[in-house]
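A.B. asks: Residue numbers (the numbering used here), protein chains in the order written: chain Y, 533 to 653; chain Z, 5 to 337.
Ideal Cβ positions, reconstructed from N, Cα and C, are used throughout, including at glycine.
All figures in this text were calculated on a predicted structure; none of them were measured in a lab.
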Amino acid sequence: MTDSLDPRVNRLRLDNIDAPFTIEEGENWQAYEVFHQEKRGAHHEHVGCVHAPDPQMALIFAKEQFGRRKKCVNLWVVRSADILAFGLEDEDMFANNMEKTYRDASGFKVMEKINKFKGKP
Amino acid sequence: MYGGGYIFEEPKRQPLSAQTPDDPEKLAAFEKRIANGEKIEPGDWMPAEYRRQLIRLIEQHAHSEIIGALPEGTWITRAPGFKRKLALIAKVQDEIGHGQLLYNAAETLGKSREAMINDLLSGKSKYSNVFNYPAETWADVTVIGFLIDAAAIVNQVANAKGSYGPYCRALERICYEESFHLKQGHDAFIELATGTPAQKAMLQDALNRWWQPIMHFFGPPDKASNHSEKLMQWKVKMASNDDMRNQFLDTYVPKIWELGLTLPDPLLKKNPETGKWEYSDPDWDLFFEVIKGNGPCNKERLDVRKWAEENGRWIRKALMRPEEMKRQTAPVA
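Put into structure tokens, the structure is as follows:
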């Protein structure tokens, strides 16, 4: 192979690298979900994930990946395998019944009752 | 309900080509969702072809980020001055980070990170052709940082409006960071363009070298490209090659010309009637030749990646915790 323009590449002696090379399944570790807290008092929000061999390394990679710009005071990591979620196909179960005013503050008309008691129109 | 591992199972067990044909009822619901502007998420039903095309697209995008950092990484030690070195280090770190974000997004579709890296090393998966050319001088680095990143932004901003949730979320973060890349590239470009006659000549040379690869960047002309209307309908492909190329020329050619630089294409001009740019056809035979692996740097780029994987293996293994590895899984979102 001809010389690279990069002296560091030439020092790698790439002439010896023609044999096929494959990495093994699992060699890039496992996935961790990352949660980012922008300021004290705020919720941690999911921002993405990293691959790491253990939770400590996952935190280090998460700091590099999600904490290198903008404000960040804290990060959580959790193994992706440990996330339990509803199926997206079940999203209709979250549809709101319109007859749920008993769950909302607006469903209780206290002033009307007070005004009636005081005899105002 | 399901655990986080659900995504990994499907395509790993069964080759995509062996999957059963799409259920027409589910397909109709899927297409309606996309037509309504809703996003598709990893757990959703999706046509096998949608999954296959997205894996190909996102994986190639991820490889491009990683390979694209190589010609720039070369120049960190030789970047002129402390500020330029810092900016280039930050940019290269961003590009590697973008590769990670995109690999994660592709993994949610069922292809493992390891399989993607192996396909890159074996030459089965492609990456952006533009990174098979050498960065000969510092001026090349400024042309890459300004114009290649600008072209990438045109592409990525379009893709960020696509239909697949994890890809859109990754692109949102990527586009935010790319805006810094573009600005620092433009800044370095202007510095050479307005500098000494030697600096200006060096920049003009680099521009002449890079113009054809830049014209190749968005892919073959629409009349020759075989992208299906289905991919547009499914919002996998968001804009045609010629439309993106035209948008790029419209924004950036004036920014090149205003600095007194020229472009090596006598036919390049905006047609005042159509509002579209006209240009000489770049050499598309050369484009396909480079994709096949015969460009000036294809072998070096892949050899460097292979070297990194081979020589990084011992540390990956040293960090491995067998008890942590029992439950392999892909990212959930």
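In angstroms, rounded to a whole number, what distance separates the CA positions of A590(Y) and Y168(Z)?
C.D. replies: Approximately 26 Å, taken between the alpha carbons.
A.B. asks: Give me the chain Y residues within the contact set of K310(Z), using Cβ-Cβ distance strictly less than 7 Å, ordered along the chain.
C.D. replies: Those within 7 Å of K310(Z) in chain Y are I549, F553.
A.B. asks: For the alpha helix (DSSP H) that V257(Z) lies in, which residues bound it at each end?
C.D. replies: 245 to 261
A.B. asks: For a test of the three-state rule: what should DSSP assign to L113(Z), helix, strand or coil?
C.D. replies: DSSP places L113(Z) in coil when its eight states are reduced to three.
A.B. asks: For Y564(Y), write down the residues that DSSP places opposite it in a beta bridge.
C.D. replies: Bridge partners of Y564(Y): V582(Y), R611(Y).
A.B. asks: Measure the Cβ-Cβ separation of E69(Z) and G103(Z) and say whether it is below 8 Å.
C.D. replies: yes
A.B. asks: 8 Å is my cut-off, CB to CB: does D624(Y) come that close to chain Z?
C.D. replies: no
A.B. asks: Does the beta carbon of D226(Z) sit closer than 8 Å to a beta carbon anywhere in chain Y?
C.D. replies: False, the Cβ-Cβ gap to chain Y never drops below 8 Å.
A.B. asks: Taking only the alpha-carbon atoms, compute the straight-line gap between Q64(Z) and K632(Y) and give it to the nearest angstrom.
C.D. replies: 49 Å
A.B. asks: Considering only DSSP beta bridges, list what K569(Y) is partnered with.
C.D. replies: According to the sequence provided, residue 569(Y) is Gln. The question's Lys does not apply to it. For Q569(Y), which the question treats as bridged, DSSP gives the partners H576(Y), N606(Y).
A.B. asks: How would you list, in chain order, the residues of chain Y whose beta-carbon sits under 8 Å from the beta-carbon of I121(Z)?
C.D. replies: When 8 Å is used as the limit between beta carbons, I121(Z) is near these residues of chain Y: I555, N560, in chain order.
A.B. asks: From the beta carbon of C604(Y), is the nearest beta carbon of chain Z less than 8 Å away?
C.D. replies: no
A.B. asks: Please report whether the beta-carbon of P51(Z) lies at a distance below 8 Å from any beta-carbon of chain Y.
C.D. replies: no
A.B. asks: Counting along the chain, where does the alpha helix (DSSP H) carrying K650(Y) start and finish?
C.D. replies: First-last for K650(Y): undefined, no H or E at that position.
A.B. asks: From the DSSP output, in three-state form, read off Y168(Z) for me.
C.D. replies: strand
A.B. asks: Whose Cβ in chain Z lies nearer than 9 Å to the Cβ of E565(Y)?
C.D. replies: G8, P335, V336, A337
A.B. asks: Going by DSSP, name the residue or residues bridged to K273(Z).
C.D. replies: E282(Z)
A.B. asks: Give the residues from the stretch 572 to 599 of chain Y that approach chain Z closer than 9 Å (Cβ to any Cβ), ordered along the chain.
C.D. replies: H578, V579, G580, C581, V582, H583, A584, P585, D586, P587, M589, F593, E596, Q597, F598
A.B. asks: By the DSSP assignment, the alpha helix (DSSP H) with R543(Y) in it spans what residues?
C.D. replies: 539 to 543
A.B. asks: Name the two residues that bound the continuous alpha helix (DSSP H) containing I44(Z).
C.D. replies: Run containing I44(Z): none; DSSP gives neither H nor E here.
A.B. asks: If you reduce the DSSP assignment to three classes, tell me which class A83(Z) lands in.
C.D. replies: coil
A.B. asks: Are the C-beta of M324(Z) and some C-beta of chain Y separated by less than 8 Å?
C.D. replies: yes
A.B. asks: Starting from the C-beta of Q597(Y), find all residues in its chain whose C-beta is less than 8 Å away, skip the five residues before and the five after it, and write them out in chain order.
C.D. replies: V566, G580, V582
A.B. asks: Is there at least one Cβ from chain Y nearer than 8 Å to N136(Z)'s Cβ?
C.D. replies: no
A.B. asks: With H, G and I counted as helix, E and B as strand and the rest as coil, what does DSSP make of V240(Z)?
C.D. replies: Correct three-state label for V240(Z): coil.
A.B. asks: So does the stretch 143 to 154 of chain Z actually touch the stretch 183 to 190 of chain Z, counting three or more Cβ pairs closer than 8 Å?
C.D. replies: yes
A.B. asks: Ignore the nearest five residues each way along the sequence and tell me which others in A156(Z)'s own chain have a CB closer than 7 Å to its CB.
C.D. replies: E182
A.B. asks: Which residues in the same chain as K204(Z) place their Cβ atom closer than 7 Å to its Cβ, once the five residues preceding and following it in sequence are excluded?
C.D. replies: L196, A197
A.B. asks: Helix, strand or coil for V336(Z), going by three-state DSSP, please let me know.
C.D. replies: Three-state result, V336(Z): coil.
A.B. asks: Please confirm if the stretch 301 to 321 of chain Z is in contact with the stretch 120 to 130 of chain Z, defined as three or more CB-CB distances below 8 Å between the two stretches.
C.D. replies: yes
A.B. asks: Show which residues of chain Y have a CB atom less than 8 Å away from the CB atom of E304(Z).
C.D. replies: M533, S536, V541, L546
A.B. asks: Thinking C-alpha only, which one of P224(Z), K227(Z), H185(Z), K274(Z) is nearest L90(Z)?
C.D. replies: H185(Z)
A.B. asks: Are the C-beta of D48(Z) and some C-beta of chain Y separated by less than 8 Å?
C.D. replies: Yes - at least one Cβ of chain Y is within 8 Å of the one on D48(Z).
A.B. asks: Nearest to A154(Z) by alpha carbon, out of I260(Z), F252(Z), Q208(Z), E118(Z)?
C.D. replies: F252(Z)
A.B. asks: By the 10 Å Cβ neighbour count, where 16 or more other Cβ atoms means buried, how is G297(Z) classified, buried or exposed?
C.D. replies: exposed
A.B. asks: Thinking C-alpha only, which one of F34(Z), D247(Z), F291(Z) is nearest E53(Z)?
C.D. replies: F34(Z)
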